[in-house]
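**Student:** Each residue of the sequence shown is one higher than the one before, counting from 116 in this note's numbering. In this text, a Cβ means the ideal position worked out from N, Cα and C, and glycines have one as well. Sharing a structure here in structure tokens format.
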Amino acid sequence: MKQCPQCGSTNVTVQTRLEDIPYGEPPLTIPATFPVDVCGDCEGEFIVHEGMLARDRAVQDFLMPHPRVTFMQLLSELYPETVVFRTMSGKVRAVAMIKMLDEGDPIALAWATDVMRDARDIIARQALWGG
Ligand SMILES: [Zn+2]
């Protein structure tokens, strides 16, 4: 039996909420559906553990088909505008690289794919060492 953390009532029902979750900077809006506990007596509304998991999953699911967006955000967070990357077509400033990725430029995407592969290798190695 669920109990309201605010008034102690057991008149608690599970309802579904739809909410736009802001993610990243500048924030993307990610629509998430998740369960909340609603108290029938004090009208308190509480996000439960399953609700938190559902929100996390909504963010993951949203980002999954958008690796380019994730990557651009990562670049913006990690590198100041003045950093220069080496690519197949020469040196490109971070700020230009982000713009190229945004426009789907094939050279920028190839570069991003290389970086992602390196990152995967590093993570895989760490996973083996981490035991
Ligand atoms: Zn209550």
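Exposed or buried, what is Met252 when buried is set at 16 or more other beta-carbons lying within 10 Å of its beta-carbon?
**Tutor:** Only positions 116 to 246 of the chain appear in the structure, and residue 252 is not among them; the question remains open.
**Student:** With the cut-off set at 8 Å, would you say Ala147 and Ala173 are in Cβ contact?
**Tutor:** Cβ atoms of Ala147 and Ala173: closer than 8 Å.
**Student:** Sorry if obvious, but does the Cβ on Ser124 come closer than 7 Å to a heavy atom of ligand 3?
**Tutor:** Looking at this structure, you won't find ligand 3 anywhere; what it does contain is ligand 1.
**Student:** Can you tell me whether Asp217 sits near ligand 1, meaning its C-beta is under 7 Å from at least one heavy atom of the ligand?
**Tutor:** Not under cutoff, so the answer is no.
**Student:** Rounded to whole angstroms, what is the Cα-Cα separation between Ser124 and Ile145?
**Tutor:** C-alpha separation (whole angstroms): 33 Å.
**Student:** How is the alpha helix (DSSP H) around Val210 delimited, first residue to last?
**Tutor:** Residues Ala209 to Asp217.
**Student:** Taking its Cβ as the centre, do 16 or more other Cβ atoms sit within 10 Å of Cys122, making it buried, or is it exposed?
**Tutor:** Per the 10 Å Cβ criterion, exposed.
**Student:** Determine the DSSP secondary structure at Gly246, reduced to helix, strand or coil.
**Tutor:** Any answer about Gly246 is weak, because its pLDDT of 45 lies below 50 and its placement is not dependable; what the coordinates show is given next. Correct three-state label for Gly246: coil.
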